[in-house]
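Number of protein chains: 2
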Amino acid sequence: MSKIANTNLEINKNIKARWSPRSFAEKTPSKDSLHRMLEAASWAASSYNEQPWRFILGIKGEGDSYDKVFESLNEFNQAWAKNAPVLIIIAAKDKFSHNDSENKHAMYDCGAAMANFSLQAVEEDIYIHQMAGFSPDKAKELLDIPEGYRAITVAAIGYEGNPDQLPDNYKKSELADRERKSLDEISFIGNWGNVY
Amino acid sequence: MSKIANTNLEINKNIKARWSPRSFAEKTPSKDSLHRMLEAASWAASSYNEQPWRFILGIKGEGDSYDKVFESLNEFNQAWAKNAPVLIIIAAKDKFSHNDSENKHAMYDCGAAMANFSLQAVEEDIYIHQMAGFSPDKAKELLDIPEGYRAITVAAIGYEGNPDQLPDNYKKSELADRERKSLDEISFIGNWGNVY
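Keeping their order, the protein sequence lines are chains E and S. Taken in order, the first sequence gives residues 1 to 196; the numbers are from my numbering. Taken in order, the second sequence gives residues 1001 to 1196; the numbers are from my numbering.
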């Protein structure tokens, strides 16, 4: 795996600037900012335009909304995510609305929606860190997620903070270079393994 | 479902401009453009930074690469996708490299990568239309996709074309307004159903 791969290609700045911090500042994103991020998510492509994505926000200082989402996280993630002012559960609708058959691309489409969300966040100087480490069952129970939907990820959201606030074992990864595979490793032409 | 929902929120122009056309111009995107889109895809977030995405390109005029990807499409998609100068198979690595366990978020992460790809495409005046309607088995066989990877979507890629080139039944959807659910339908705070 190459370090800071492919840097010679000039791409959209926000796509390159997006990263997943674990340290966040105390400042809470405004409702307008969060609405713009959700709006960006809503414009993602989806199979049959199903728009299978649903979002449940937990915001510090807004009732018990934050604590309910936080409780669903595993301990490893709770240790750093407690600094994030906003947590969001991403849930997917399992079946297509037009014929009630299984939507095998619901997760794929939710991933696209959250990529849009992340890029709109960068426009607002906000960064998000998505997590698979949480209990979907606990989330379902605590947040009344109905049958037919399942929680698939949780995102911590906020402005960048000081890495010194993190425990040592998290601080190291916070300051590490971002690594990506080279294009030769991930893209081919006409046949697997034929470098484009 | 509201038509052209949420238009009062000002978000990143490329996120809003992205759409999935079925008519494409004859002009083929350059290798540099395609590399920038692949590069954009490569900077998506992924669980454990696995980067489970792989891409196999089929480009008209470059050997039999195009025909091989095209053959995996179902008839409904072949009818319009034949106008696209580039087709790409998106494949996902099934297991994590660090411990060989199932990567349950591989599709989610591939969806994010293709959202990045789509937004870099808009920067280049290029549009993509992703399809679930193809045979993953045929793609696996024709393109030598190895064990441990599975084809999950195909994307048609090119510059916008004239909708008149499409058969009538496709032309109608090509010219229809884009529809999105309102934010009240997809986002809640603290509990499912609590409008934010």
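From the three backbone atoms N, C-alpha and C, an ideal C-beta is built for every residue, glycine too. On a predicted model such as this, the values are computed, not experimentally measured, just so you know.
For glutamine 1051 of chain S, the neighbours in chain E by C-beta distance under 8 Å run, in chain order, Arg180, Lys181 and Ile186. In this structure, glutamine 120 of chain E places its C-beta atom within 8 Å of the C-beta atom of isoleucine 1011 of chain S. With contacts defined as CB atoms closer than 8 Å, threonine 1028 of chain S and isoleucine 1090 of chain S fail to qualify as a contacting pair.
With respect to the 8 Å criterion, alanine 1040 of chain S and asparagine 1116 of chain S are classified as neighbours on the basis of their beta carbons.
Taking a Cβ-Cβ cut-off of 7 Å, the neighbours of glutamate 1039 of chain S in chain E comprise Asn6, Leu9, Ile11 and Leu183, given in sequence order.
Taking a cut-off of 8 Å on C-beta distances, the segment 1150-1166 of chain S touches the segment 1013-1029 of chain S, as three or more cross pairs fall below it. With three or more CB-CB distances shorter than 8 Å, the segment 1074-1085 of chain S counts as touching the segment 1163-1175 of chain S.
The DSSP-derived three-state label of phenylalanine 1024 of chain S is strand. In this structure, glycine 148 of chain E lies near aspartate 94 of chain E, with their beta-carbon atoms less than 8 Å apart. Between leucine 1087 of chain S and serine 1118 of chain S, the alpha-carbon positions lie close to 13 Å from each other. As the crow flies, the alpha-carbon of glutamate 1185 of chain S is around 15 Å from that of arginine 36 of chain E. In the DSSP assignment, the residues bridged to alanine 156 of chain E are E:Leu87 and E:His129. Look at alanine 44 of chain E here: in three-state DSSP terms it is coil, with no helix or strand label. Between alanine 44 of chain E and alanine 113 of chain E, the CB-CB gap stays under 8 Å.
For tyrosine 196 of chain E, the closest Cβ of chain S is nearer than 8 Å. Glutamate 71 of chain E is positioned such that its CB atom lies no closer than 8 Å to that of lysine 140 of chain E.
DSSP places serine 173 of chain E inside the alpha helix (DSSP H), whose first and last residues are 168-175.
Where isoleucine 1059 of chain S is concerned, the enclosing beta strand (DSSP E) starts and stops at 1053-1059. According to the DSSP assignment, phenylalanine 188 of chain E belongs to the beta strand (DSSP E) that extends over 187-189. In the structure shown, arginine 1036 of chain S adopts helical secondary structure according to DSSP, grouped into three states. Note that the C-beta distance between leucine 143 of chain E and tryptophan 1192 of chain S is below 8 Å. Distance check between glycine 1111 of chain S and each of E:Ser47, E:Tyr66 and E:Phe55 places E:Ser47 closest, using alpha-carbon atoms only.
The shortest CA-to-CA distance from serine 1023 of chain S to any of S:Lys1181, S:Ser1187, S:Phe1188 and S:Ser1173 is the one to S:Ser1173.
Against chain S, the CB of glutamate 123 of chain E has a partner CB under 8 Å away; the residue lies at that interface.
Asparagine 1014 of chain S: member of the alpha helix (DSSP H) spanning 1013-1017, first to last residue.
Scanning the segment 1066-1118 of chain S for uninterrupted beta strand (DSSP E) segments of 3 residues or longer gives 1086-1093, listed from N- to C-terminal end. The contact set of threonine 153 of chain E on chain S, defined by CB atoms closer than 8 Å, consists of His1105 and Tyr1108 in chain order.
Your pair arginine 178 of chain E and tryptophan 53 of chain E does not check out as a contact, with CB atoms roughly 26 Å apart and the cut at 8 Å. One alpha carbon belongs to isoleucine 189 of chain E, the other to glycine 1058 of chain S, and they sit about 6 Å apart.
From the listed residues E:Val195, E:Ser187, E:Ala106 and E:Asn194, the smallest Cα separation to alanine 151 of chain E is found for E:Ala106. Classified as buried, proline 21 of chain E has 16 or more neighbouring CB atoms from the shown chains inside 10 Å of its CB. The distance from the Cβ of serine 42 of chain E to that of lysine 1013 of chain S is about 15 Å, inconsistent with a contact at the 8 Å cut-off. At a beta-carbon threshold of 8 Å, none of the residues of chain S lie near histidine 98 of chain E; the nearest stands roughly 12 Å away.
According to the DSSP assignment, leucine 143 of chain E belongs to no alpha helix (DSSP H), since it is labelled neither H nor E.
Within its own chain, the residues whose Cβ lies closer than 8 Å to the Cβ of isoleucine 126 of chain E, once the five positions on either side in sequence are excluded, are Pro29, Ser33, Met37, Ile157, Gly158 and Tyr159, listed in chain order.
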